[in-house]
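Protein chains in written order, with my numbering: chain A, 3 to 229; chain B, 17 to 661; chain C, 256 to 509. From the three backbone atoms N, C-alpha and C, an ideal C-beta is built for every residue, glycine too. Before any comments, here is the structure.
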Amino acid sequence: MTKTRSPIRSNVGLKAVMAVTGILLVLFLIAHMLGNLKVFTGETSFDHYAHWLRDIGKPLLPGVWFLWILRTVLVVAVVAHIWAATVLALRARAARPVKYAHRKKVRGSYAARTMRWGGVIILLFVIYHLLDLTTGTLNPVGTEGKPYGNVVADFAPERWYVTLFYTLAIVTLGFHLRHGAFSAFRSLGQQTPRGERRARNAALVFAVVLCAGYLVVPFAVLTGLVS
Amino acid sequence: MELFTEGDPIADTKAPAGPIEKRWETRRFEAKLVNPANRRKMTVIVVGTGLAGGSAAATLAEQGYHVKSYCYQDSPRRAHSIAAQGGINAAKNYRNDGDSVHRLFYDTVKGGDFRSRESNVHRLAEVSVNIIDQCVAQGVPFAREYGGLLDTRSFGGAQVQRTFYARGQTGQQLLLGAYQALERQIGLGNVEMNARHEMLELVIVDGKARGIVVRDLVTGEISTEMADAVVLASGGYGNVFYLSTNAKGCNVTATWRAHRKGAYFANPCYTQIHPTCIPVSGDHQSKLTLMSESLRNDGRVWVPKNKGDDRNPRDIPEDERDYYLERIYPSFGNLVPRDIASRAAKNVCDEGRGVGPTKLGVYLDFADAIDRLGRKAIEAKYGNLFEMYERITGEDPYEVPMRIYPAVHYTMGGLWVDYDLQSSIPGLFVIGEANFSDHGANRLGASALMQGLADGYFVLPTTIANYLASGPLDKVDASHPAAVEARTDVEDRIQRLLAVNGDRTVDSFHRELGQIMWEHCGMERSEAGLRKAIGEIRDLRDAFWQRVKVSGTGEELNQSLEKAGRVADFFELAELMCIDALHREESCGGHFRAEHQTPDGEAQRDDEKFAYVAAWEFTATGEPSVLHKEDLKFEYVHPTQRSYK
Amino acid sequence: MNLTLRIWRQKGPEDKGRMVTYPVNDVSPDMSFLEMLDVLNERLILDGEDPVAFDHDCREGICGMCGLMINGDAHGPQRGTTACQLHMRQFTDGETIDIEPWRASAFPVIKDLVVNRGAFDKIIAAGGYITAPTGSAPEAHSTPVAKANADAAFESAACIGCGACVAACPNGSGMLFTAAKLTQLSLLPQGQPERYTRVIGMVDAHDEAGFGGCTNAGECTVVCPKGIPLNTIGRLNRDYLAATTKGAGNTPGS
């Protein structure tokens, strides 16, 4: 058989790209969540941790190099993830030019059917999130170097809509991960029925834990546990 | 008017003389060969893509011939061989239980009630072992033992375990093996595949089969396809009965058109009725579903002792039940051969003791087996069959006994062929169920798959070479007058069907034809019934051509036009079947004449007068056919009365 | 029972197509779904209308020729059942039933409910076989196959090629079909020599035919009348990645 195109552009190859980039992003999410939880150790400790992030790699790497390397990897992963998803979505659309007149409720997994719109919501949230807590542009305080204060100001009770948006985004992320984590294993060749059950359960537990880990911070601020 | 006239006897001139176990080897050695370089220049048409046609097309292409393949379905993978459940016989003797080529040969000749050709059957038994090797190499997932070797079982009352199987889907798996080999050749450009094409006429040039006329079922386009030889693998004609276990599209048109062009039709009256089918549920019924014969291993067949006993079967006490197979055939019981079980069911229903809403059914009861082995064991063995039964009938066979009734399943008759599988028209080869072949008057279980693959993989590719090597044939194309005439005939016929524009649907005629055939040419035939049937068929055929309504045009996908053409041919075949059944004044295998039975109601053969193949020659529409007899000689298996008491 | 059918009517590939409503009365619950359509068609023919074209052949759930989207479900509401084996007792009196063809660009509509599934044949022709020309086979018992592998191979081989997986897939993907054949052949020792060329050939043919990619949504396995498991696609992915990442020189079978 002659290869007619690059394997990476095949439907299977694109899914592998999504799986690998997805796993990279998930690793970041875990680290990010653990960092967030440091908010419970108090303002000094949290701000100190935030500063430390900028210094990782010193003295081997100068200044904030590590941070920029990390950011580059993440951006590449996000772009590749979205590129692969877009190509697949366009192919899926082309594969069914005429829609069914009678559209059935989902018979497979709800999470699986909402991956694409979920992904878009998550992307919009990430942009907002960066403008809010990284650049500080949209933050009510936006003090550079004082993340603890920024977070507390962000989720203040009178700004309930921010918390609501944050919560929605995190729940969407949970759904995305619930299917995505399992799907990554499958796309990379997970092939036994028992492994499938395990991967699905692990993905569910992981999604719930991650959701909880992320939501506990804004709700702690909202309820005054962190102030 | 006479129904038929008798012509000269015919004989198979191709089988070599000598010891039977050497004949195939001799024939293969004596057959002429075609140089590989010349094979590329030769085209062979294969009609049908079932086990026989699919395997033949793939094999011929592998050998280097250019093959054009045709099927009416949307893909070659859908041919009705796919529905065979039970298994495939082969004389491997893996069980060390005394099987051998000779025993398979013997069983098949005897099972066919001594109406088949010894040379052919022996070859079939020889080749059977190669089939299993071939299919395993292709990746057919046969059932296996824990040691990794192939599992076999006993089937259809055979005393040896020679049946290889893939759960209840053996036909599917074997067909997909052949289909994949065929697709490989299509991918390599050696086979030109024409799905959704139906053969409507045979083209004969200078006495030789040189092509076919086909209709593209999607566009309606009629085209003439020429070749050096034509192979028909178009299956059987059970659908003449309207209701049968055949697929809806199965038809006789390809073979009947060839018959009208001079190919003899042999033993059309031999039809196999399968005893374990789900009964008809109403007038809307469009086909019958087979329940595997294996159910009779554990199920007990019974009807109430009293006529018109409408009680719930569970409320009928033991002593008011008649386990009639166990009563009449104590040594074989529920496992008597198909024809015997079928006729016994008919007899009890005729007595008014049938069960179910139509009273055409008998119980197949698993209560005892469930008590003895436990529900789990029954589920493991027959779970999928029970589910299928429940889907169709809405009844749970674990709680209520199944209802079964016989249905038309297979046709042993078909186009007459010699040892080379060549019909009476040179260059026209017929393989699989389409020929009259190797089963005599009755086919044994798990032998249909064996014959289809034997013909397609091993026999035809050898024998057709002998024919092709006698060439080269003159170059002819679709503009040859004979080809043009055939094509015009097809177009005229389509126009005639469309022009009637009457007031009855094709299906209504087909149903009525089926009822006539089932009533008079089904499980039991009589002279009076057959004569009546012949009259009714002729009247109905005339009515068909005056009153049928076919919608649409010929230039589109038109399923009602497709059906009309097929039913028109079934009418002609039906008449010949009745004439054949009428002339065969004996009972043998799938042909039971009420006038010819032993005092205790068993089939009575007449070897003195009827040990021959009845090969019918077509003369003209409405004119008597000519009967040619091929005498059958039995040198190795001596005819005996079958007894299962 | 009395029903209202809304059926997709499309004269030919060029026609745009539309849903048309037909009442059908006196339907017996013992009828199969296709027999109910037969009744409608006989009436349409006698009324001088064009009957509804639909594919069907064996009517016992094995040939794979029938395929209807019934109320948005491929092959209808009953699991593990083809449209021809679906019986009307699964519906209720007075119900409205929507009947549509399989919808996928790789399965263009020919007429009404009839589609062209030739793309499946092309996938098989691109590698869905074991090269074993007639006559070349070794003795069947020369290669034992572990029973577990033989059984798993059979489970995948049960695919009837009906296309319900494609019809139900939100991406119009034919991966379950492709993976079923691939899994059967790659589980057997006979299939090993071509294992990696096969997967590349079949996946390329699948993609070229215009099927979408799999997103592991799992709708296919739910509607599959033969219950082909979703994990076959994992095996396909694994074989494909192995075949394409090892480099041409190292790829076994290349």
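Excluding the five sequence neighbours on either side, which residues of its own chain have a C-beta within less than 6 Å of the C-beta of residue i, listed in chain order?
i	result
residue 95 of chain B	65 and 66
residue 439 of chain B	279, 431, 433 and 446
residue 75 of chain B	473 and 477
residue 357 of chain C	322, 370, 418 and 422
residue 209 of chain A	176, 179 and 180
residue 329 of chain C	419, 422, 423 and 478
residue 22 of chain B	643
So, with DSSP's three-state summary, where would you put residue i?
i	result
residue 446 of chain C	helix
residue 217 of chain B	strand
residue 209 of chain B	strand
residue 432 of chain B	coil
residue 497 of chain B	helix
residue 438 of chain B	strand
residue 636 of chain B	coil
residue 192 of chain A	coil
residue 226 of chain B	strand
residue 413 of chain C	coil
residue 350 of chain C	coil
residue 307 of chain B	coil
residue 389 of chain C	coil
residue 551 of chain B	helix
residue 61 of chain B	strand
residue 643 of chain B	strand
residue 507 of chain C	Note that residue 507 of chain C has pLDDT 47, beneath the 50 cutoff, so the model's placement of it is unreliable and no number is given.
residue 150 of chain B	helix
residue 14 of chain A	helix
residue 475 of chain C	helix
residue 86 of chain B	strand
residue 26 of chain B	coil
residue 38 of chain B	helix
State the CB to CB distance for the pair residue i and residue j, rounded to an integer number of angstroms; the pair is presumed to be in contact (CB under 8 Å).
i	j	result
residue 644 of chain B	residue 280 of chain B	6 Å
residue 627 of chain B	residue 285 of chain B	Actually they are not in contact, since the Cβ atoms of residue 627 of chain B and residue 285 of chain B sit about 16 Å apart, beyond 8 Å.
residue 586 of chain B	residue 256 of chain B	5 Å
residue 355 of chain C	residue 102 of chain A	6 Å
Kindly identify the DSSP beta-bridge partner or partners of residue i.
i	result
residue 607 of chain B	B:604
residue 105 of chain B	B:179
residue 379 of chain B	B:318 and B:419
residue 258 of chain C	C:279
residue 273 of chain C	C:264
residue 428 of chain C	C:467
Given a cut-off of 8 Å, decide if residue j and residue i are closer than it, judged by their beta-carbon atoms.
i	j	result
residue 104 of chain A	residue 27 of chain A	no
residue 466 of chain C	residue 428 of chain C	yes
residue 63 of chain B	residue 72 of chain B	no
residue 413 of chain C	residue 185 of chain B	yes
residue 145 of chain B	residue 121 of chain B	no
residue 104 of chain B	residue 395 of chain C	no
residue 128 of chain B	residue 456 of chain B	yes
residue 28 of chain B	residue 434 of chain B	yes
residue 448 of chain C	residue 165 of chain B	no
residue 372 of chain B	residue 419 of chain B	yes
residue 317 of chain C	residue 188 of chain B	yes
residue 365 of chain C	residue 216 of chain B	no
residue 444 of chain B	residue 475 of chain B	no
residue 263 of chain B	residue 313 of chain C	yes
residue 401 of chain B	residue 308 of chain B	yes
What does a CB cutoff of less than 8 Å around residue i pick up in its chain, not counting 5 residues either side in sequence?
i	result
residue 315 of chain C	339 and 340
residue 136 of chain A	none
Ignore the nearest five residues each way along the sequence and tell me which others in residue i's own chain have a CB closer than 7 Å to its CB.
i	result
residue 276 of chain B	634
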